[in-house]
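Data block below; observations after.
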Amino acid sequence: MTDPRDIVSGVGMLSEGTHFVGEPPAGIRRVPTGVDGLSTEHLVINMGPQHPSTHGVLRLLIEVDGEEVVAVEVTLGYLHRGIEKLAEHRRYDQLGTLMDRGDYVSGMHGEQAVALAVERLMEIEIPRKAAWIRTMVAELTRIASHLVWFGTFGLDTGAMGQFLYAMRDREAAVEILEAISGARMMFNYIRPGGVVDDLPAGIDQKILAFCDGFETYLDEHHALLGGNEIFQGRVRGIGVIDRDTALAFALTGPNLRASGLGFDLRRDRPYDAYPELEFDIPVGTTGDSWDRYMVRMEEMRQANRMVRQCIEGMPDGDFKAKVPRVLRPPEGEIYAATESSRGETGVHIVSDGSDTPYRFHYRSGSLHAMQALEEILPGHLLADVVMIVGSTDVMLGEVDR
Amino acid sequence: MNPVLVVLLRILAALGLMLANGVVLIYMLRKVLGHMHLRLGPMHVGPHGILQTTMDVLKLLTKEDITPRGVDRALYFIAPAAVFVPSFAAYAAIPFSDSWSITSLDTGLLFTLAALSLVPIGILMAGWASANKWSLLGGMRAAAQQIAYEVPLLLSLLPVVMFAGTLNLGDIVRAQSGLWFGFVPRWFIAFPLFWPAFLLFVIASLVELNQTPFDMSEAESELVAGFASEYSAMKFGLIFLSEFSNQFIVSALGVTLFFGGWMIPWVPESVVAPIAPVVFMLKVYTGIFVMMWIRGTFPRVRIDQLMQLGWKWLIPASLALILVTGVVLKVAQATQGVTG
Amino acid sequence: MRPDPTAISSLLSSAGVDAEVEGTTLGTVFRVALVDALAALIVLREGGHDFRMLADMLGTDTGDGIEITYHLRSFSRDEEVYVKTSLAYDGELPSVWTAFPSALMPEREIAELLGLTLAGHPNPRRLFTTDGIDPLLRKRVPIRTLEEVRDR
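Residue numbers (my numbering), protein chains in the order written: chain A, 21 to 421; chain B, 2 to 341; chain C, 14 to 165.
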């Protein structure tokens, strides 16, 4: 087994003399500088927090030798709202609103994680229909979220067309979610015990129409961006995260599956209606940006398939279990996780028996992807930095929390 | 008329054309990209937003001209002019019709290419003088790609020169008049030998223009705005204008060298003569439309891929092409006793 | 999902780590002393159970100290365990990045938000907030100061 210390090199620290960082720690390997006699003085450039392709407010301090990246230091916290502290002052049914604002592009998955955690702690059995609705909206959110990733990933390469086409399809998905939950991004729809409201009448026709259209649109999207030789040249073999690195940095979700480890919480830690649905889990081979691209594209197809199954097999019954108005879970601790668009969105709740959590922890896939970035970016060109950051699909709302 | 006055009027006409072109092309870019991207582009100023770019020019003229602290002042001020002047000079030899051109140069093709190749010096100056690391990277990229692609651009046009036997752009157009076998226009693009030359020309000229997919020096997703990051108001306007003007020049070169300039095939010259400049402009705008189409669709290549393509493929390919053209030309002369 | 606790505790004790097994709503939890935490994680990683991923880290202000929870996951055996350890408020948290590099940032977060210092961490600076901000997740730190509430 490889020693993790062989995987880690710079630990996100720039060379001495180029930045205010103090002594480099003992035992840290560095990219050697000036070995070939051709390298010149290194330059430290600030990518972000206001930069077109840092996907929010990420700040990367990049030490470059010409255009080649030598070391990267990630500076976080520009979006830190203290969700974990705020949650200690919210009732259990209000936690979903906080999770919406964590990963604000795929809010349903966060809400689902909270709901699952509270239900498991209180041992609430939710009606079958509630589980199916939850699964359906979660998969629709996955499509909407992956489309945002797809569009912006193309923007990182300089292509613009696919962004607006992706937004067209996302708009359709978001409109369905709006019809169901009343909101476009901050849904607050999934609550402990079920969902807020039943599906509106006639929505199933709309969703089926969306599913039909999206199947062809997805092929078009892929042909426009992924079928482009230039794009393939930009992503193939770039930003390789092999299995060991992915495990060492605890990557989850599409980033982990692209590295060849087919772990999916929907299949391996089944929740809600997933055990009853048929879906495939795409797995990559090399873990480069192209694999991450392909895994996400295939996930959209599978999500579309699941939405269709959910609509066609939607059971009758209640959409919400009988739960007390004020939720007071028994004393205890619980961890529940959902497979979000960006990896494992986990919620760790420590309950002291009152109506607010004693300690609330939000585990996000993006924070761990962020650590891996510090490791894999050195050695690439500056132009690849935006590609790799784009391919890991980090969401800063989820990183800073 | 006073010959000095004539020269001045011609220069003024070129300047007017360049400015008007900039305004029209920016509007066209917005509309073309807009409709390709499922949106409308500007819609509010004037019907379908046709006055939008005029207003933008007014805005650029009246905006505060910010000079950041720490810039190399002299270079910072010269750079926009150094970008603008060569691209203006490049208009000199473009033949808009049989009689309409600012001047008829016997080395017209060389002059135009030489003028265009001066633009990156201004870009490099702008990148260096801005005292901004992103600008510097942009300027360096521009210099690198300029050096790599100047050679294939010129070499890809040599086959045309060999066939036409002249560097005068007007004469090159005249060499394309008439029909082959009575129905194929004698445009160089109709001759399969020139297809690879045209392909090389398109690639190399897109690189020269810093156009997508080769817009390295201002790659907005990597370098924010590259060499132009620190420029504001009309200094930025000049850089922007020269970019669109260069598009026009390169498209005009392509039309002149491969698509028969101002001529329409199957129509007698005497009929075309009065509308020749319009025909020429339409052809040029079609070329620019294709560039915008590429811009609306393609992602950007990486700088090392660009360099590899230039040095390892395009330069050897264009050299081989010249060899093949020479052989074909000699064989044709020997067998038919006539030249292309 | 839930591993066999006896097998793992014998594995731990053979490596000289005293672990107390708790079966809670959370899952299988091993409580170890702070000095043994790193050793326990290494045993879990390299013993037969193959816990290759440190999925999550959590710090809790229990009222009489800070409790750290390590959440480990094994893919080859499809198991999850939690390792808990606790330390005093002014304690020093030994970094486990040599066994699990994924602890690098969560440890910084925990140290900053719970007011701990890190030992053996290569980059022990704050992660999210600026210098001078109170350790937010301590129970003694109010969500809004009385003055701020009064001024509203």
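Using N, Cα and C, we set each Cβ at its ideal position, and we do this for glycine too.
Note that the structure is predicted; figures quoted are calculated from it, not measured.
- Put simply, the CB of B/F237 is far from chain A, with every gap to its CB atoms at 9 Å or more.
- A/R204 is not a Cβ neighbour of A/V168, given a cutoff of 9 Å.
- Every unbroken stretch of the beta strand (DSSP E) spanning 3 or more residues and falling wholly within the segment 130-157 of chain C is given here in chain order: 130-132.
- From the listed residues B/I51, B/G42, B/F260, the smallest Cα separation to B/K32 is found for B/G42.
- Excluding residues up to 5 positions away in sequence, A116, L117 lie with their Cβ nearer than 6 Å to the Cβ of C/W110 in the same chain.
- Separation of B/F78 and B/V203 (C-alpha to C-alpha, rounded to the nearest whole angstrom) is 32 Å.
- A/M390 sits buried, since 16 or more C-beta atoms from the chains shown fall within 10 Å of its C-beta.
- Here the alpha carbons of A/I196 and A/S361 stand approximately 18 Å from one another.
- Across the structure, A/D288 and A/E359 are spaced so that their CA atoms are roughly 10 Å apart.
- E59, R65, M66, L67, A68, D69, L71, T73: these are the residues of the segment 56-79 of chain C whose beta carbon lies less than 7 Å from some beta carbon of chain A, given in chain order.
- Taking a contact as a CB-CB distance under 8 Å, the pair B/A253 and B/V285 counts as one, their CB atoms being some 5 Å apart.
- Against chain A, the CB of B/L34 has a partner CB under 9 Å away; the residue lies at that interface.
- Rounded to whole angstroms, the separation of the alpha carbons of B/F281 and B/M29 is 18 Å.
- Counting only runs that start and end inside the segment 213-255 of chain B, the alpha helix (DSSP H) elements of at least 4 residues fall at 221-224.
- As computed with DSSP, C/G36 is found in a beta bridge with C/T41.
- Against B/K313, chain A offers no close residue; the least beta-carbon distance is about 14 Å (beta-carbon pairs closer than 8 Å).
- Of all residues in the segment 180-212 of chain A, the ones placed with a Cβ closer than 7 Å to any Cβ belonging to chain B are M180, G181, L184, Y185, R188, in chain order.
- For A/L81, no CB of chain C lies under 9 Å from its own CB, so it is not counted at the interface with that chain.
- Counting of Cβ neighbours within 10 angstroms places B/R74 among the exposed residues, the total staying below 16.
- Residues of chain A whose Cβ lies closer than 9 Å to the Cβ of B/G140 do not exist, since the nearest Cβ in that chain is about 13 Å away.
- Comparing alpha carbon positions, the residue from A/G280, A/Y294, A/A266 closest to A/R286 is A/Y294.
- From the listed residues A/E87, A/L63, A/Y112, the smallest Cα separation to A/V346 is found for A/Y112.
- Not flagged as an interface residue toward chain A: C/G145, since no C-beta distance is shorter than 9 Å.
- Beta-bridge annotation (DSSP): B/H36 is not paired with any residue.
- With fewer than 16 other Cβ atoms inside 10 Å of its own Cβ, B/A321 counts as exposed.
- Residue pairing from DSSP places B/P186 in a beta bridge opposite B/L180.
- Ranked by Cα distance from A/G363, the first of A/L238, A/H381, A/E418 is A/E418.
- Per DSSP, reduced to three states, the secondary structure at A/Y112 is helical.
- Take the alpha-carbon of A/I146 and the one of A/W152: they are about 10 Å apart.
- Among the residues facing chain C, A/G366 is included, as its CB has a counterpart in that chain under 9 Å away.
- In the structure shown, B/A82 adopts helical secondary structure according to DSSP, grouped into three states.
- For A/L393, no chain B residue has a Cβ inside 7 Å of its Cβ, as the nearest lies near 16 Å away.
- When DSSP states are grouped into helix, strand and coil, A/E353 belongs to the strand group.
- Between A/I354 and C/E35, the alpha-carbon positions lie close to 14 Å from each other.
- The Cβ atoms of B/S118 and B/G128 do not sit closer than 9 Å to each other.
- If you look at A/F380, you'll find it in the beta strand (DSSP E) that goes 379-383.
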